[in-house]
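Per the UniProt record's numbering, the very first residue in the sequence shown carries number 1; after that it's consecutive.
Here the structure comes first, spelled out in structure tokens, and everything after it is commentary.
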Amino acid sequence: MLTTNSTSSCARVGIIGGGPAGLMAAEVLSAAGVSVEVFDAMPSVGRKFLLAGVGGMNITHSEPAEPFLNRYGESAEQLKPMLDEFGGEALREWVHGLGIQTFVGSSGRVFPTEMKAAPLLRAWLARLKASGVKFHPRHRWLGWTEAGELKFSSPEGELTRRFDATLLALGGASWAKLGSDGKWLPVLTEQGVEIAPLQAANCGFDVSWSPFLANKFAGTPLKAVAASADEHTPKKVGEFVITQGGVEGSLVYALSSGLREQINQQGSATLWLDLLPQKSLDEVRAALLQPRGADSMANHLRRKLKIEGIKAGLLHEILSKEQFMQPELLAQAIKSLPIKLLAPRPIDEAISTAGGVKWDAVDAGLMLKALPGVFVAGEMLDWEAPTGGYLLTACFATGRHAAQGILARLPNTSH
1 MLTTNSTSSC
11 ARVGIIGGGP
21 AGLMAAEVLS
31 AAGVSVEVFD
41 AMPSVGRKFL
51 LAGVGGMNIT
61 HSEPAEPFLN
71 RYGESAEQLK
81 PMLDEFGGEA
91 LREWVHGLGI
101 QTFVGSSGRV
111 FPTEMKAAPL
121 LRAWLARLKA
131 SGVKFHPRHR
141 WLGWTEAGEL
151 KFSSPEGELT
161 RRFDATLLAL
171 GGASWAKLGS
181 DGKWLPVLTE
191 QGVEIAPLQA
201 ANCGFDVSWS
211 PFLANKFAGT
221 PLKAVAASAD
231 EHTPKKVGEF
241 VITQGGVEGS
251 LVYALSSGLR
261 EQINQQGSAT
271 LWLDLLPQKS
281 LDEVRAALLQ
291 PRGADSMANH
301 LRRKLKIEGI
311 KAGLLHEILS
321 KEQFMQPELL
331 AQAIKSLPIK
341 LLAPRPIDEA
351 ISTAGGVKWD
361 AVDAGLMLKA
371 LPGVFVAGEM
381 LDWEAPTGGY
391 LLTACFATGR
401 HAAQGILARL
411 PNTSH
């Protein structure tokens, strides 16, 4: 086994994982004079970051601090000090410092002017390399040796390294082909680190559609609708897509946490769908009660409420023929149609994951209590957030915070 070590007299930190959290930590540490080496199992760093930017790089969100923080649900309290230090506005200024301009979209989401992740990542990596950060692609972390050295498989074979501190920023378990495969779970569990099981977040769900609906409408978007995970809570407006075996898309992702927990507790969940959020129940009822003459109820729906295609298909899917013919029941279904969800889609299809290293397992600087000198950042920690820039912002913020925790522990560093 080959063992190599830096001969530099300054503090040395090894970062495992070259996503946003790991790279942000590398920037903070190298700026403080620390010798930083980044290891990644993939041929290049930032692969999931680049994929996230394919449809438009949503960096962060422009909403005020309090509603922004509330997007993190049960982890808002733990993330607050990190987001106070490096929230949406600070992240946007940091992007500008890389020479990348940004703009705020109509939804409040923040994007680079070019809408792409690649220019940002190129500029960032150039700056990191100029500051002395060393990168080791195709180095898969295997855990520790009995002597406490980091162990890697690499193109040159198995090797070990020892650092003054280590940061783990290995992501969750979604999109394994891009590097986030969750293989770190058993490694940390064996070391006594408390970990909440990883679960799909920002994900689609399985539905037992009839063959008719699945074959006729798979791939069809449902636009200008609203939905909720609870019949008695206000519905969110948005859109999603009917798939061959279920539902997916931004509106479903926004509700996925609550829907997933319903399934965990009850075995299934209900997505409550409003097909006409722009009209009240009374307006829908009044339209349906108008005389329809020789018109079928389907034609009546189309003429009076413009309900046809997938929206009409869903009503036929959920209601019996008798219910469909009763204006009162039909009106209620249009405004609150229950769709039974059976299970989240597989975790590797999810945009992100919930679960991970429990907050009780780390100290205020994000160091693992069971492994002094080993820090954790990014999606490895037990938090989740909706899409809209919140995921990336917290990854950057936790990476920065962990780097500060490392600096506070290392001797003779300027911070």
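In this text, a Cβ means the ideal position worked out from N, Cα and C, and glycines have one as well.
query, result
"Selected residue, minimal CA-CA separation from Lys80, among Glu248, Glu66 and Gly373", "Glu66"
"Segment contact flag, the region 311 to 322 with the region 135 to 146, C-beta cutoff 8 Å, min 3 pairs", "no"
"Ser352 in three-state terms, based on DSSP", "strand"
"Beta-bridge pairing of Lys236 - partner residues as DSSP gives them", "Ala227"
"Per-residue DSSP class, three states only, for Pro372", "coil"
"Spatial neighbours of Lys48 in its chain, beta-carbon cut-off 8 Å, leaving aside the 5 residues before and after", "Gly19, Gly171, Trp175, Leu178, Gly179 and Ser180"
"Inter-residue spacing [alpha-carbon to alpha-carbon] between Glu146 and Gln191", "12 Å"
"Met24 (DSSP reduced to helix, strand or coil)", "helix"
"At least 3 beta-carbon pairs within less than 8 Å: the region 334 to 352 vs the region 244 to 264", "yes"
"Nearest neighbour of Cys395, chosen from Leu289, Thr353, Pro411 and Leu407 [CA to CA]", "Thr353"
"Cross-strand partners of Val248 (DSSP beta bridge)", "The sequence given here has Glu at residue 248, not Val. Bridge partners of Glu248: Val241."
"Straight-line gap, Phe68 to Pro386 (C-alpha atoms, nearest Å)", "11 Å"
"Ranges of the beta strand (DSSP E) found wholly within the region 127 to 192, counting only runs of at least 3", "134 to 136, 140 to 144, 150 to 154, 157 to 161 and 165 to 168"
"Opening and closing residue of the alpha helix (DSSP H) in which Leu281 lies", "Leu281 to Leu289"
"Boundaries of the alpha helix (DSSP H) in which Phe68 is found, first to last residue", "Ala65 to Asn70"
"Rounded Cβ spacing between Ala402 and Leu371 (contact assumed at less than 8 Å)", "13 Å between Cβ atoms; not a contact."
"Backbone CA spacing between Glu239 and Thr220 [nearest angstrom]", "11 Å"
"Contacting residues, own chain, Cβ-Cβ under 8 Å from Pro327 (five flanking each side not counted)", "Arg285, Leu288 and Leu289"
"Start-to-end residues for the alpha helix (DSSP H) that takes in Phe103", "Careful: Phe103 lies outside any alpha helix (DSSP H), inside the beta strand (DSSP E) at Thr102 to Val104."
"Buried or exposed (CB count within 10 angstroms, at least 16 for buried), Met325", "exposed"
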